[in-house]
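Asks: Just passing along the structure, written as structure tokens.
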Amino acid sequence: MSSSRRFIPALVVLVLLAVLPQLPVPPFWITLLNNIGIASLVAIGLVLLTGVGGLTSFGQAAFCGFGAYTTAVLTTAYGFSPWMTLPLSLAVGALIALPLGLITVRLSGHFLPLGTLAWGIALYYLFGQIDLLGRHDGIAGIPPLSIGDYRFMSGSSIYYVIWTFVILTALAAQNLLDSRVGRAIRALRGGGQAPEAFGVNVARAKLTVFVLAGVTAALAGWLYAHMQRAINPTPFSISMGIEYLLMAVIGGAGYVWGAIFGASLVLVLKELLQRLLPDLIGTTANFEMIVFGALLVVILQFARDGLWPVVLRFFPSKSSHRIRGDAPALGKREAPSPGTPLIRVEKARKTFGGLVAVNDVSFEVKAGQIVGLIGPNGAGKSTTFDLITGMNSLSGGQILFEGKPLTGRSPRDIARQGVARTFQHPKILPGMSVLENVALGAHQRGTGGVLQSILRLERTEEAALMAEAMRQLERVGLAEFKDRPAGDLALGQVRILEIARALALDPVVLLLDEPAAGLRYGEKQELAALLKKLRGEGMSILLVEHDMSFVMGLVDHLVVLDFGTRIADGKPQEVRENPAVIAAYLGGTA
Amino acid sequence: MDFTIAAFLIQDGLTSGAIYALLGLALVLVFSVTRVIFIPQGEFVAYGAMTLSLLDSGKFPATATLLLVFGVLAFLLDLWDNRARLNAPVLLRNVGLNLVLPGVIYTLALVLAPMQAGPFVKALLTIVIIAPMGLYIYRIAYKPLADASVLVLLIVSVGVHLAMMGLGLVFFGAEGLRARPLSTGSFSLGFLPISAQSLWIYGSTIAIIVGLYLFFEKTLLGKALRATAVNRLGARLVGVRTQLTGVTAFVLAATVGAISGILIGPITTIYYDTGFIIGLKGFVAAIIGGLASFPITAIAAIGVGIVESFTSFYASAFKEIIVFSLIIPVLIWLSITVSVHEDE
Amino acid sequence: MSDRLLRVENLHVSYGKAEVLHGISLAMKPGSIVAVIGANGAGKTTMLNAIMGLIPSRGSIEYDGAPVPRSIEARVAAGLCLVPEKRELFSSMSVEDNIMLGGFLRSPSERAEIQADVYQRFPRLAERRKQLAGTLSGGERQMLALARALMSKPRLLLLDEPSLGLAPKIVIDILNIVAELRNTGVSILLVEQNARAALEIADEGYLVELGEVRKSGPAAELAVDPALMEGYLGRNA
Amino acid sequence: MKHRLLVSIAMAATLSVSGLATQAYADVTIGVTVSSTGSGAALGIPLKNSVELWPTEIAGEKLNVIVLDDAGDPSIATTNARRFANDDKVDVMIGSALTPGSIAVAGVAAETEIPHLAASPVPPNVSSGKWTFILPQDAGLIAKTLFKKMQDDGVKTFGYIGFSDSYGDLWVNQFKAIGAEYGLEMIAEERYARPDTSVSGQALKLVAAKPDAILVGASGTGAALPQATLRERGYTGTIYQTHGAVTFDFIRIAGEAANNTVFASGPVMVPENLPDGNDTKEEGLAYVQAYEAKFGEGTRTQFGAHIHDAMAILKKAIPLALEKAKPGTQEFRAALRDAIENGGPFPASQGVFEYKPDDHLGLDERAVVLLTVEDGKFKLID
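Below, the structure written as structure tokens:
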């Protein structure tokens, strides 16, 4: 996602955009481009919200309305200058988005889009009922933007203002995605569990992106008001909200530039249909809506991820993330002295309904140890694991970390204490590079916020995070893959990647959930060697494993579970001879 | 406000609530079985009402032509899909379902339209024209995307909605239509006059709810639909085809939509774009029902109708705002009580 | 009828860019139990899913002497039936409905007939026919999954870890039921972690590791194979 | 497949755009933007249809007419208007069907100095502009006639029910401005949305307020719903409807309930009933006969007539302008504007237009008639 990737085509487009109004193009193109620019702004917000963050909203047009009405009222009734109202319009957008976001972003799946559909309609009708906003007639006579004596009246003059904002917003969005906060937002799509496990506050990341989308829409509304110079509720209705979403989805909901592409495509298509259809069909009946709807269906049937990825295929590009050698090191945790107890599980119990999944299990992990938690499938290993990491709550007993109880703590909080984990079914972001996946693990070691990210003020910290991610990749031996999409890796490499990501958290203890499952023999050997190396570096590890041969030569201590109950606990050699263990593993009556 | 007015308002709210309930149920049905948030459900209502109204005036309903067009499209798509193994039974099935069926209905409409048959014949004909549209729309728009994400399906729904609304505009024009009631006259319950049409609405809504209940509880196909909603993989493993349940859900939805149209057509003016806003009120109910619960959706729909009726009395200018804001407290409540789930 | 009920040749399956099955071949005679054992992540479940048609695969799958039908429902109709690891029951529906839906592709009369049969085989389920499937205990759920599968009149049952998460006594019950099924003419492809128990009831065994068949042969021979034991208990690792 | 789709879209785009750039400017070019889809479709479609009845040339100059849809959205109307001005170099623009769209077009017209005939009423600050002329009857004119009629009928109090949009607001504003002059008091104000399926609540409240009469501020068939509901709820007083409601669809839908109603209307709905010698009769008959010959019996509307009237004005104004300049030039546009402003009176189907520099509404009482419904037909009162 580095912005230098498509440098040349971007420059060409930029120059083209800059000179276009000076060329002898039909002036109508400029009007159309202005509309595209404004729609692009809303669509960029939606790309962040829907494409990247996985939250669908139909209500963005209403946020445009807040931006537009704020400036319209302030400039016409109170004589504010348009530039003064810009921050106010954006602030109003943010202020409205905040409570709505608080209500809706915690809900999963389809509630959000349907919720936005409903309040999108409600807000539209509200605009038409408020006297201050001129009711249904709206507000006319909004002053144009001006600098000194120059007034941005004509289409080709405001064109520059609009597209400056579009490009700045797109770059800001691009910068944001290429940052610590952006990675957290991009991680939302993979489900909330994994990001929480390395310290991302998922609810806050969702709210952030919701508010940002609201602010970009408000910006579009502000521009709209000063371009149109008269507003009324119509452009902020739900059908416009739907259209913005269409632009984002058709363009390719995961791509910032796809938003501009989608907005152009939809608006140009509508123009073309209006011009061409009557001649094609030979009637003046209104077929535009039908053709437009049908095209939408067809496009999605052929290109589910939108059209931008299709466009990108014509411009194959390789990106490479440069690691700055002079990047400062991140602060490191003080390693506990070997032998001090880290995790103490005391009579941990978990019941699901009547089923006892974990039955009063106790064991301990000491610093500098590798402890194996083994047992047949369904023995309660993963549940125990989830209890330690806070993904599941205890029904009884307690779990202590460095002497402090973890009961009631969130996974995020536990991660912050220095407990890092991997997942049995790896939860990586396949579209993101290997390096960025690892950097996600270091999330809570950075502090850069949204604004710093957009303005690139956190580059030193970002370089440090990246350098740290690189260090961890080198540590686990995946350095050569750093720029590959994580989805390209083989399963074994993905498991190692997860370990690197966990290491990036600077953990005190590493919790690995079946790290050897699905690995080839050689890969298992490498993994074992890696874990031993980590232990040598002072890392403590608790690993859940099914494969006894893998753990035997590796662990210092073994805990065997069967049917939620601890059936053995001791050195690997002792455990192996234990008849109960043999019975559990081989079945029958050994 | 006195008791009389309250009684009037409640009656009015029940009438619209019953229609919203039908819409809400259809939405829940389609979503739980296919994961499609079926925005065009309202279009079936508009099509139903407008078809009936055209039949009332002895005109041939353009929806029958539309059905034929849909059928031909579905036929071509099926032909293309099966191009690798084109044998007689496959072809026969394709011709029968996609060409003969709409052809027969078209002819039926052609014969019956000018005859000015009784209201029930016309109502039945309306249902027969609209219901198969569910099948073809599923086939044309959704089947190729059966495993797509909810978001993609949602956007496809928007596309289908726009296309269907556009077709409505072309076929029915921009002006409103109103159908004749199934039976005229009214009864009085004390001081409260109750029109025969509103009795039809209550009766049909109850009948449809009971019918759906029986279908889901007593028939194997109904159980297969429920099974699909509960566990898609499990349903596939026992041999329930995704397409079968999908088609059934869509045909049921279209049928319920057509009936809603027949019921509402005579009590109000229906425009080509009315369906959307009525459908959205069904959505409010369906959201309150979590897009999963039939009974909660039905009750919520009645609630929406009654709230709407009372706000139209007290603050008519703010009616839409209030009705569509209804879901906000529900969402707040859900956001507090429901624990955060992993998305699918 | 072919002498090979199922013949899988050179089966490849990929998830995205990663191949997880690298050309598995396997054959089974009618009326036999074949056990597939192997570690977690070895690709056993993937193989069953591919045979059932739940995921796309390359290579050939022949069922009853002919290429396996294309769609899942055609495979079910032809007598192939998968009982997945997670059972995939209709938890908010009654036991009876679950069982009935198992016979979705059968005629009503057939359904009634098999249903009576199934209840006889699983009296526990007969007692609980009105109960919701979600409220059953683990063993009962596995029984229900088997019962539902039997309703489709299978000729080849694909069982994915039927003993998973069950108490030892129930594991034995379930495997006994599986063994009995063979006597009614149903062939069984059994994926099990519980290697010894699985090999005990099986005719043939396959050891799958990392998406490839490592060893195959008569179950009795595999059961005493020392290398296999090592794999499971980690001696000499 | 995907690539081909993209390529063809791109090709279509290039083709059509290059087609746009090379338009001939020799003829008189007219740009019309109306809402033929969206919420204003009921108004926009008759407008669009009426364009088809226009002559193909005036005074030997070929007419080049471009019709675009703005879906009732002012930003699309602006886009359309800009396109008329910049690409098509139109000599006059017409539209839109809804007020917000007309305001948008007027803005572009003033900026680009092109005469503009608005097919919907616009607020005073727009109608006082130099380039925009209004075709429909001003609400004030209609309101005056309606309020006067109400006063004559002995109405003291009335209840109002109107669309919850600017059309609904319009009549309340008119009442606030001049209602007192006619001794009227509004004792209830209710609103509803066009797609509403029921107005029972509002009707109950109106009936409960016991007004002498009820005024409905709605248009098209949407005006029929309160009419029917009020009658159903037992309201027997006179119901007054604005000119927006005067369509045959209204009668079709309201049926019996349409009786005992007074409509303010433009004369075009009943040219047959007008006395010979009435200034609007000739144009009115010409329009409705042509329209109904093409689109069917009983399809005439108030809205469509504005398009006819636009042509009635242009037929007289264009030859005047042609004396001064060639079409397609700025001088021609200015001359056309002057001709519209000073060349009147223009007798038309909806009234006699006589614009003046300080009056771009141009109509007088001849543009309003009062109708009632008898035997399912509109009938002139008096």
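Chains as they are written, first to last, in my numbering: chain A, 1132 to 1721; chain B, 999 to 1342; chain C, 118 to 354; chain D, 4 to 385.
Yeah, the Cβ is synthetic: ideal placement off N, Cα and C, and Gly gets one too.
If you're wondering where the values come from, they're calculated on a predicted model, not measured in any experiment.
If distances are taken between C-alpha atoms only, which option among B:1061, B:1054, B:1034 comes closest to residue 1042 of chain B?
Replies: Counting from one through the second sequence, the residue named residue 1042 of chain B turns up at place 44. Selected option, being the one with the closest Cα: B:1061.
Asks: Going by DSSP, which residues form a beta bridge with residue 350 of chain D?
Replies: Counted from its first residue, the fourth sequence places residue 350 of chain D at position 347. D:355, per the DSSP bridge assignment.
Asks: First and last residue of the alpha helix (DSSP H) that includes residue 205 of chain C?
Replies: Along the third sequence, read from residue 1 onward, the residue named residue 205 of chain C stands at position 88. Per DSSP, residue 205 of chain C belongs to no alpha helix (DSSP H) and is neither H nor E.
Asks: If you draw a straight line from the C-alpha of residue 1095 of chain B to the C-alpha of residue 1132 of chain B, how long is it?
Replies: Position 97 of the second sequence, counting from 1, holds the residue named residue 1095 of chain B. Position 134 of the second sequence, counting from 1, holds the residue named residue 1132 of chain B. One C-alpha to the other measures close to 13 Å.
Asks: Cutting at 8 Å between CB atoms, please list the residues of its own chain near residue 242 of chain C, excluding the five before and the five after it.
Replies: By 1-based counting over the third sequence, the position of residue 242 of chain C is 125. Excluding sequence neighbours, residue 242 of chain C sits near 212, 216, 235, 236, 257, 260, 261, 264.
Asks: Taking CB distances under 7 Å as the criterion, tell me whether residue 157 of chain C reaches chain A.
Replies: As a working mapping, residue 157 of chain C is identified with position 40 in the third sequence. Yes, its Cβ sits closer than 7 Å to a Cβ of chain A.
Asks: Express the C-alpha separation of residue 1669 of chain A and residue 1659 of chain A in angstroms, rounding to a whole number.
Replies: Numbered from its first residue, the first sequence carries residue 1659 of chain A at position 528. Numbered from its first residue, the first sequence carries residue 1669 of chain A at position 538. Computed Cα separation, rounded: 15 Å.
Asks: What runs of the alpha helix (DSSP H), each 4 residues or longer, lie entirely inside the segment 1277-1323 of chain A?
Replies: If we require 4 residues or more, the alpha helix (DSSP H) runs fully inside the segment 1277-1323 of chain A come out as 1286-1308, 1311-1318.
Asks: Under the DSSP definition of a beta bridge, which residues are partnered with residue 1423 of chain A?
Replies: Taking the first sequence and counting its residues from 1, the one referred to as residue 1423 of chain A is at position 292. Bridge partners of residue 1423 of chain A: none, in fact.
Asks: According to DSSP, is residue 1536 of chain A helix, strand or coil?
Replies: Within the first sequence, numbered from 1, the residue matching residue 1536 of chain A stands at position 405. Reduced to three states, the DSSP call for residue 1536 of chain A is strand.
Asks: Going by the CB atoms, is the gap between residue 328 of chain C and residue 138 of chain C shorter than 7 Å?
Replies: The residue labelled residue 138 of chain C in the question sits at position 21 within the third sequence. The residue labelled residue 328 of chain C in the question sits at position 211 within the third sequence. Yes, the Cβ-Cβ distance between residue 138 of chain C and residue 328 of chain C is below 7 Å.
Asks: Which residue from D:377, D:301, D:40 puts its Cα closest to that of residue 264 of chain D?
Replies: Translated into positions along the fourth sequence, residue 264 of chain D becomes position 261. Taking only the C-alpha atoms, the option nearest residue 264 of chain D is D:377.
Asks: Confirm the yes/no value for this check: CB of residue 1368 of chain A, any heavy atom of the ligand ADP, distance under 6 Å.
Replies: Summarising the ligand content, the structure contains no ligands, and the ligand ADP is consequently not present.
Asks: Comparing the C-beta of residue 1165 of chain B with each C-beta of chain A, is any distance below 7 Å?
Replies: Looking up residue 1165 of chain B in the second sequence gives position 167. Yes, residue 1165 of chain B lies at the interface with chain A (some Cβ there is under 7 Å from its Cβ).
Asks: Starting from the beta carbon of residue 310 of chain C, find every residue of chain A whose beta carbon is closer than 7 Å, and list them in chain order.
Replies: As a position in the third sequence, residue 310 of chain C is number 193, starting the count at 1. Those within 7 Å of residue 310 of chain C in chain A are 1507, 1508.
Asks: Taking DSSP as the reference, what is the three-state secondary structure of residue 281 of chain D?
Replies: Within the fourth sequence, numbered from 1, the residue matching residue 281 of chain D stands at position 278. Residue state, collapsed to three classes: coil.
Asks: Comparing C-alpha positions only, which one of D:169, D:136, D:177, D:127 sits nearest to residue 150 of chain D?
Replies: Position 147 of the fourth sequence holds residue 150 of chain D. That would be D:177, whose Cα lies nearest to the Cα of residue 150 of chain D.
Asks: With burial defined as no fewer than 16 other Cβ atoms inside 10 Å of the residue's Cβ, what is the status of residue 1458 of chain A: buried or exposed?
Replies: The residue you call residue 1458 of chain A lines up with position 327 of the first sequence. Flag for residue 1458 of chain A reads buried.
Asks: Do residue 1375 of chain A and residue 1199 of chain A have their beta-carbon atoms positioned less than 7 Å apart in this structure?
Replies: For the purposes of this step, residue 1199 of chain A is taken as residue 68 along the first sequence, with counting starting at 1. For the purposes of this step, residue 1375 of chain A is taken as residue 244 along the first sequence, with counting starting at 1. Cβ atoms of residue 1199 of chain A and residue 1375 of chain A: not closer than 7 Å.
Asks: Go ahead and label residue 1232 of chain B buried or exposed: buried means 16 or more other beta carbons lie within 10 angstroms of its beta carbon, across all protein chains shown.
Replies: Here residue 1232 of chain B corresponds to residue number 234 of the second sequence, with the count starting at 1. Buried is the call here.
Asks: Comparing the C-beta of residue 1222 of chain B with each C-beta of chain C, is any distance below 7 Å?
Replies: In the second sequence, the residue the question calls residue 1222 of chain B occupies position 224. Closer than 7 Å to some Cβ of chain C, the Cβ of residue 1222 of chain B qualifies, so yes.
Asks: Taking 8 Å as the limit between beta carbons, can you name the residues of its chain near residue 27 of chain D, skipping five residues before and five after?
Replies: Taking the first residue of the fourth sequence as position 1, residue 27 of chain D is located at position 24. Confidence at residue 27 of chain D is low in this model, with a pLDDT of 43, below 50, so its placement is unreliable and no value can be given for it.
Asks: Is there a C-beta anywhere in chain D that falls below 7 Å from the one on residue 1435 of chain A?
Replies: As a working mapping, residue 1435 of chain A is identified with position 304 in the first sequence. Chain D, which has no Cβ nearer than 7 Å to the Cβ of residue 1435 of chain A, makes this no.
Asks: Taking Cβ to Cβ, would you say residue 194 of chain D is nearer than 7 Å to residue 167 of chain D?
Replies: Your numbering for residue 194 of chain D matches position 191 in the fourth sequence. Your numbering for residue 167 of chain D matches position 164 in the fourth sequence. Yes, these two residues count as a Cβ contact at 7 Å.
Asks: Rounded to whole angstroms, what is the Cα-Cα separation between residue 1308 of chain B and residue 1328 of chain B?
Replies: Residue numbering aside, residue 1308 of chain B sits at position 310 when the second sequence is read from its first letter. Residue numbering aside, residue 1328 of chain B sits at position 330 when the second sequence is read from its first letter. Taking the straight line joining both Cα atoms gives about 19 Å.
Asks: Using only the alpha-carbon positions, how far apart do residue 267 of chain D and residue 1383 of chain A sit?
Replies: Stepping through the fourth sequence from its first residue, residue 267 of chain D is reached at position 264. Stepping through the first sequence from its first residue, residue 1383 of chain A is reached at position 252. Spanning the two alpha carbons is a distance of roughly 53 Å.
Asks: Mind listing which residues of the segment 1317-1330 of chain B have their C-beta closer than 7 Å to chain A's C-betas, in chain order?
Replies: Flagged, chain order: 1318, 1319, 1322, 1323, 1325, 1326, 1329, 1330.
Asks: 7 Å is my cut-off, CB to CB: does residue 1622 of chain A come that close to chain C?
Replies: Here residue 1622 of chain A refers to the residue found at position 491 of the first sequence. Answer yes: the Cβ-Cβ gap between residue 1622 of chain A and chain C drops below 7 Å somewhere.
Asks: Can you look up residue 1589 of chain A in the DSSP assignment and give me helix, strand or coil?
Replies: For the purposes of this step, residue 1589 of chain A is taken as the residue at position 458 of the first sequence. Note: residue 1589 of chain A maps to coil in three-state DSSP.
Asks: Can you give me the start and stop residues for the alpha helix (DSSP H) that residue 1699 of chain A sits inside?
Replies: Residue numbering aside, residue 1699 of chain A sits at position 568 when the first sequence is read from its first letter. Residue 1699 of chain A -> not in any alpha helix (DSSP H); beta strand (DSSP E) instead, spanning 1696-1701.
Asks: Mapping DSSP to helix, strand and coil, what is residue 334 of chain C?
Replies: Start at 1 with the first residue of the third sequence, and residue 334 of chain C comes out as number 217. Three-state DSSP puts residue 334 of chain C in a strand.
Asks: Exposed or buried, which one is residue 2 of chain D when buried takes at least 16 other CB atoms within 10 Å?
Replies: The question about residue 2 of chain D has no answer, for chain D in this structure spans 4 to 385.
Asks: Please list the terminal residues of the continuous alpha helix (DSSP H) segment that includes residue 1358 of chain A.
Replies: By 1-based counting over the first sequence, the position of residue 1358 of chain A is 227. 1333-1359 is the span of the alpha helix (DSSP H), which, as asked, contains residue 1358 of chain A.
Asks: Can you tell me which of B:1324, B:1121, B:1239 puts its alpha carbon nearest to the alpha carbon of residue 1298 of chain B?
Replies: Taking the first residue of the second sequence as position 1, residue 1298 of chain B is located at position 300. The residue with the shortest Cα to Cα distance from residue 1298 of chain B is B:1324.
Asks: Please report the straight-line C-alpha distance between residue 339 of chain C and residue 1703 of chain A, rounded to a whole angstrom.
Replies: Taking the first residue of the third sequence as position 1, residue 339 of chain C is located at position 222. Taking the first residue of the first sequence as position 1, residue 1703 of chain A is located at position 572. Distance between the alpha carbons of residue 339 of chain C and residue 1703 of chain A is about 26 Å.
Asks: Does the segment 1029-1043 of chain B touch the segment 1244-1257 of chain B, meaning 3 or more C-beta pairs lie closer than 8 Å?
Replies: Yes, they touch.
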